[in-house]
Amino acid sequence: MEKKKSIFMLLFASFMLISCAVTAQTSFTLNKEGVGCLKKGMLFSKIPAKCAGLYDRFEKKVIEDEMDGDYTLYVFYSGKTKVAEITDYGYEKTVAGITVFASNISTPDGVSPGMTVRKLLLKKGVKGQYRDGMELSLNGYTIGFDGMTDYGYKVFNNAYAKGTDVKLTNACFKADAKVVSISR
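In terms of my numbering, the sequence shown is residues 38 to 221.
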């Protein structure tokens, strides 16, 4: 009986180890150089077809924009999950910026897509800004988010109208508001 129990425990432990190994994601850091094999300054023509653990394919999409001119969007995927985007506006031949969407990619400060905005606001130096829309920033990273409250819209719009800094509080965001993207 004891031998059967030991064999069962060994099989169970082996199964758990295999399960953990299969579901473990590789972690990456988005820094000033880029993320994984996607580097700022690299030629668009040199973007690898795959990058181990980061993405297994990418698509190039031409986006028609009557106001600012057409541009090419490189969208990177791991399976069906969108991992990152790089925009080619056509006037540069190299990567100037990278936007990430996957939760296994974080900044050196530990900010990652999927993190709650409330947790983000605990980090010193988070600022609200109004550029092409309402954004958050921290140490040179632009952070996209969802879940703003009506009060938050009012705070952002008032600051924009006055040309002042946005005074961020938890009241600006719904309790389940999340980081959805990070750009550098």
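Note that CB positions come from ideal geometry on N, CA and C, so glycine has one too. Everything numeric in this text was worked out from a predicted model, so none of it was measured.
Residue j beta carbon less than 8 Å from that of residue i
i    : j    : result
Y108 : D125 : yes
T179 : S149 : no
V24  : Y92  : The structure shown does not extend to residue 24, since the chain spans only 38 to 221, so no value can be given for it.
E214 : G170 : Before going on, a small fix: residue 214 reads as Ala here, not Glu. Result no, Cβ atoms of A214 and G170 do not sit closer than 8 Å.
G141 : T63  : Strictly speaking, residue 141 in this sequence is Asn, with Gly absent from that position. Closer than 8 Å, so yes.
M79  : V132 : yes
V217 : L157 : no
K211 : V192 : no
K77  : I135 : yes
With 16 other Cβ atoms within 10 Å as the buried cut-off, status of residue i
i    : result
G165 : buried
A139 : buried
T60  : Only weak support exists for where T60 lies, its pLDDT of 44 falling under 50; the coordinates are left without a value.
K152 : Note on identity: in this sequence residue 152 is Met, with Lys being the wrong assignment. By the 10 Å Cβ count, M152 comes out buried.
S82  : exposed
G189 : buried
Cβ shell of residue i (< 6 Å), same chain only, five flanking positions each side left out
i   : result
C88 : G73 and C74
G71 : K77 and I135
Sequence-distant residues of its chain with Cβ nearer than 7 Å to residue i (five each side left out)
i    : result
N68  : P145
F182 : V154, L173, A214, K215, V216 and V217
Residue of the options minimising C-alpha distance to residue i
i    : options                   : result
L175 : K76, G90, G147 and T186   : G147
K97  : G177, K161, Y190 and E122 : E122
R168 : E103, K160, D187 and N194 : N194
K160 : T206, G90, K117 and F65   : T206
F95  : M104, P85, D102 and E103  : P85
T118 : G90, K130 and E103        : G90
Which residues DSSP lists as bridging residue i, in chain order
i    : result
V72  : L75
Q166 : E172
K199 : K199 pairs with nothing; no bridge assigned.
E96  : V112
D125 : T109
K119 : Y114
Residues of its chain near residue i, where Cβ-Cβ distance is below 8 Å and the 5 sequence neighbours each way are ignored
i    : result
G127 : G106, D107, Y108 and T109
A196 : G165, Y167, D202, V203 and K204
I100 : D107, Y108, T109 and L110
G162 : L175 and N176
Any non-hydrogen atom of the ligand COA within 7 Å of residue i CB
i   : result
T63 : In the structure on display, the ligand COA does not appear, and there are no ligands present to speak of.
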